[in-house]
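Residue numbers (numbering that gives the first Met the number 0), protein chains in the order written: chain F, 0 to 350; chain U, 0 to 259. All C-beta atoms, glycine included, are put in the ideal place defined by N, C-alpha and C. Read the structure below first, then the notes.
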Amino acid sequence: MSFLTISHLEKAFGSNLVVKDFKLEVEKGEFISLLGPSGCGKTTVLRMMAGFERPTSGRIRIDGQEVTGLKANARNIGMMFQAYALFPNLTVADNVGFGLKVKGVARTEREARVAEMLDLISLSDMAGRFPFQLSGGQQQRVALARALAPSPRVLLLDEPLSALDAKVRVSLRNEIREIQQRLGITTIFVTHDQEEAMSISDRIVVMNAGIADQVGSPFEIYNRPTTRFVANFVGTLNTFSVKVEDSNLGKVRLAGQALTLPGGFASSGPEMAIALRPEALRLGREPGYETVVMGRIEDVHFMGSIIRLRARVAGESVVMDTFNRADQPPPKPGTEVEISLSGKDAIILRG
Amino acid sequence: MTRFFAWSALLFGSLYFLLPLVGMTEFSLKMRRGEYSFDAYRRVFEDPRFWETFSYSLTLAVATIVVGVFLVAPTAYWVRLKLPQARPFVEFVTLLPLVIPAIVLVFGYIRLYNTSSWLPMTGSAFGTDILLTMGYTTLALPYMYRSVDTGLRTIDVATLTEAAQSLGAGWITILGRIILPNVMVAVLSGAFLTLAIVMGEFTMAALLNRPAFGPFMQLLGANRAYEPPALAVIAFAITWGCMGLMQLVTRFSKHERAKA
Ligand SMILES: Nc1ncnc2c1ncn2[C@@H]1O[C@H](COP(=O)(O)OP(=O)(O)O)[C@@H](O)[C@H]1O
Ligand SMILES: [Mg+2]
Numbered sequence: 000m001s002f003l004t005i006s007h008l009e010k011a012f013g014s015n016l017v018v019k020d021f022k023l024e025v026e027k028g029e030f031i032s033l034l035g036p037s038g039c040g041k042t043t044v045l046r047m048m049a050g051f052e053r054p055t056s057g058r059i060r061i062d063g064q065e066v067t068g069l070k071a072n073a074r075n076i077g078m079m080f081q082a083y084a085l086f087p088n089l090t091v092a093d094n095v096g097f098g099l100k101v102k103g104v105a106r107t108e109r110e111a112r113v114a115e116m117l118d119l120i121s122l123s124d125m126a127g128r129f130p131f132q133l134s135g136g137q138q139q140r141v142a143l144a145r146a147l148a149p150s151p152r153v154l155l156l157d158e159p160l161s162a163l164d165a166k167v168r169v170s171l172r173n174e175i176r177e178i179q180q181r182l183g184i185t186t187i188f189v190t191h192d193q194e195e196a197m198s199i200s201d202r203i204v205v206m207n208a209g210i211a212d213q214v215g216s217p218f219e220i221y222n223r224p225t226t227r228f229v230a231n232f233v234g235t236l237n238t239f240s241v242k243v244e245d246s247n248l249g250k251v252r253l254a255g256q257a258l259t260l261p262g263g264f265a266s267s268g269p270e271m272a273i274a275l276r277p278e279a280l281r282l283g284r285e286p287g288y289e290t291v292v293m294g295r296i297e298d299v300h301f302m303g304s305i306i307r308l309r310a311r312v313a314g315e316s317v318v319m320d321t322f323n324r325a326d327q328p329p330p331k332p333g334t335e336v337e338i339s340l341s342g343k344d345a346i347i348l349r350g
Numbered sequence: 000m001t002r003f004f005a006w007s008a009l010l011f012g013s014l015y016f017l018l019p020l021v022g023m024t025e026f027s028l029k030m031r032r033g034e035y036s037f038d039a040y041r042r043v044f045e046d047p048r049f050w051e052t053f054s055y056s057l058t059l060a061v062a063t064i065v066v067g068v069f070l071v072a073p074t075a076y077w078v079r080l081k082l083p084q085a086r087p088f089v090e091f092v093t094l095l096p097l098v099i100p101a102i103v104l105v106f107g108y109i110r111l112y113n114t115s116s117w118l119p120m121t122g123s124a125f126g127t128d129i130l131l132t133m134g135y136t137t138l139a140l141p142y143m144y145r146s147v148d149t150g151l152r153t154i155d156v157a158t159l160t161e162a163a164q165s166l167g168a169g170w171i172t173i174l175g176r177i178i179l180p181n182v183m184v185a186v187l188s189g190a191f192l193t194l195a196i197v198m199g200e201f202t203m204a205a206l207l208n209r210p211a212f213g214p215f216m217q218l219l220g221a222n223r224a225y226e227p228p229a230l231a232v233i234a235f236a237i238t239w240g241c242m243g244l245m246q247l248v249t250r251f252s253k254h255e256r257a258k259a
């Protein structure tokens, strides 16, 4: 039995079925991200876990306890919102101590816990400030401390970084992950930002129109997407149409060049689609890559450590990433280049 | 040129407002022939009925404010949180006291709660006081509701409520520790408006035959020459004092400074 179990969860607003047959098993101490485009039902799933929405059907169990019918204030779940959720009339310390006060924790114990929490988010010297005297990032850190102070069983975060600017967003997400690992708290993190989800999660649930399309580690989600939606939503894809020569041995031809797909990948039809990530295409002849195709550079984006090239290969416009090297300037648009690729990197799109 | 018109408009407005006030004040000081004096004020303050009616109305004002806050704050909060589609309707209801004259209301009260009715509220002084408090609450409803609702608009009611709920708080804790403190300035401004309304109200108190400040002012006005303007100046001072307090409260409430 998992620590947190969601089974056959569904939610309808009127006739609009927003969450469909949602299943998830979460182990204690895991960091799970719900990833998906805006409006796909991530917040609704989270709000049902928190007790703010009543599921139309389905069950939620936490630590062996059925919580589906339980009120939000009886679930002992910590929640962090997008923004503006700190109590404006309370100081930082009183905000953090609110949950403990509600629980009736004695003053000395409460103060000790608040101090510990403020230390955790390195804001001990701001205990007496009011929320409006803090920056957006500091406010969110206080919100995190407030959610964690009563030692909740589960921590829920609904796009807590989306209102912050890019630099703070990256540093705070790392801080959240670090604190989560230190406390070992089971965490569900909602985001529409795939980079955010992949960098800090143990596992990711990719959601599409109310359905959990795929559940897996960031590595699995990125390299072995099981649906076309996941493949397209997470990362960039180059799709090629290939001719199947021998489906048992996985032999196919891309632009006339032979390519071997991993076992069981090739379809039995005469043609199929395969996809390659931008980093699976290598500029020039590379040892260890089975095939070389010709391409014409269309566009060059220098992004610092990575150079993103757009090239035309076998009638398709493809994107490839190469690392920057100081001794090797990137090719100019219009030049013909050799591109190495390999069948073992192929992603097969089904469904 | 536009500046000239702006200034003259301001000047005209000020004169329109201030001249009667100055005239009234000047007249109230002329009780002693040939010189200015505070005789009229002394006479007012020496009158025991002034203190009786004043403290009676003040007590009722406080009761009205308490009832009003307990009625309006949870209602406005609940409407904002759970029934946003009902807001126009609730606003309409709270505006009714502005279009229904107080005399209609009080006749309704007398018909419904007279000594031979199912609930003879007018039978005792205390019952009538309760009735009067309810009437005052109704009269102050438009101002109280509007103030509190405006206050609620400045905070994210839904998110704050859910944040408090996830920390284990129930409705009373949420209202008392989070919502009310955050709309305190709005509640107080509604309270001071209520105070001003109750202190000057005449119709209801007179028809229910209670010794309130409004009927006392009327009685004095009908029988004396110099004391009524003195009383009016005192009433004005009270009202303006309330306005000043409203400003002061806003100034001193720490976490409100961000909004200002
Ligand atoms: N209270 C509600 N009433 C009606 N529809 C809602 C409500 N909350 C969310 N929805 C709808 O449910 C869908 C999913 O919303 P949401 O869970 O917020 O998506 P996400 O968080 O993934 O952006 C949206 O189409 C939204 O319009
Ligand atoms: Mg959302």
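- Relative to the Cα of D245 (chain F), the nearest Cα in the group F:T226, F:K70, F:E270 and F:R227 belongs to F:E270.
- Proximity of I203 (chain F) to chain U, defined by a Cβ-Cβ separation below 8 Å, is not satisfied.
- Of all residues in the region 40-56 of chain F, only A49 and F51 place a beta-carbon less than 7 Å from a beta-carbon of chain U.
- Judged by their CB atoms, F212 (chain U) and M198 (chain U) are nearer to each other than the 8 Å cut-off.
- Within chain U, the C-beta atoms nearer than 7 Å to that of F80 (chain F) come from T158 and A162, in chain order.
- Take the alpha-carbon of T238 (chain F) and the one of L275 (chain F): they are about 7 Å apart.
- Against chain F, the beta carbon of A168 (chain U) has neighbours under 7 Å at N72 and V101, listed in chain order.
- Residue side-chain check: K41 (chain F) places its Cβ nearer than 7 Å to a non-hydrogen atom of ligand 1.
- Chain F has no Cβ within less than 8 Å of the Cβ of I109 (chain U).
- Three or more beta-carbon pairs separated by less than 8 Å are not found between the region 115-127 of chain U and the region 61-77 of chain U, which leaves the two stretches without contact.
- Minimum Cα-Cα distance from N323 (chain F) among the listed residues F:I273, F:I306 and F:A11 corresponds to F:I306.
- Taken through DSSP and simplified to helix, strand or coil, M271 (chain F) comes out as strand.
- In terms of CA proximity to E335 (chain F), F:I296 leads the group F:I347, F:H300, F:M319 and F:I296.
- Note that the region 102-115 of chain F does not touch the region 34-49 of chain F; fewer than 3 beta-carbon pairs, one per stretch, sit closer than 8 Å.
- A distance of 8 Å or more separates the beta carbons of L89 (chain F) and A142 (chain F).
- Following the DSSP letters along the chain, one finds L155 (chain F) inside the beta strand (DSSP E) bounded by residues V153 to D157.
- Using a Cβ-Cβ cut-off of 8 Å, F188 (chain F) does not count as an interface residue toward chain U, since no Cβ of chain U sits closer than that to its own.
- Under DSSP, N237 (chain F) takes part in a beta bridge, and its partners are F:L275.
- Short of 6 Å from the beta carbon of I64 (chain U), and not among the five residues preceding or following it, lie these beta carbons of its own chain, in chain order: A190 and T193.
- With a contact defined as Cβ atoms closer than 8 Å, G57 (chain F) and S1 (chain F) miss out at about 15 Å.
- A heavy atom of ligand 2 is found nearer than 7 Å to the CB of D157 (chain F).
- Within the same chain, Cβ atoms closer than 8 Å to the Cβ of K331 (chain F) are found at I296 and V299, the five residues on either side in sequence being excluded.
- Look at V189 (chain F): its beta carbon is less than 7 Å from one of the heavy atoms in ligand 2.
- Beyond the five residues adjoining it in sequence on each side, V248 (chain U) comes within less than 7 Å, by CB distance, of V184 and L187 in the same chain, given in chain order.
- No residue range can be given for V104 (chain F), since it is assigned to no alpha helix (DSSP H) and is classified by DSSP as neither H nor E.
- Secondary structure at R281 (chain F): strand, using DSSP grouped into helix, strand and coil.
- Annotation: L159 (chain U) to A73 (chain F) spans about 17 Å, alpha carbon to alpha carbon.
- Residues of the same chain with a CB within less than 6 Å of the CB of V229 (chain F), apart from the 5 flanking positions on each side, are V205, D212 and Q213 in chain order.
- Between I347 (chain F) and V312 (chain F), the gap from beta carbon to beta carbon reaches 8 Å or more.
- Among the CB atoms of chain U, none fall inside 8 Å of the CB of F12 (chain F).
- Within the same chain, V43, M216 and L219 come within 7 Å of L230 (chain U) by CB-CB distance, once the 5 residues on both sides are set aside.
- When DSSP reads this structure, L171 (chain F) sits in no beta bridge, so it has no partner.
- Following the DSSP letters along the chain, one finds Q213 (chain F) inside the beta strand (DSSP E) bounded by residues I210 to G215.
- With a 10 Å radius around the Cβ and a threshold of 16 neighbouring Cβ atoms, S32 (chain F) comes out buried.
- For T226 (chain F), there is no enclosing beta strand (DSSP E), as DSSP marks it with neither H nor E.
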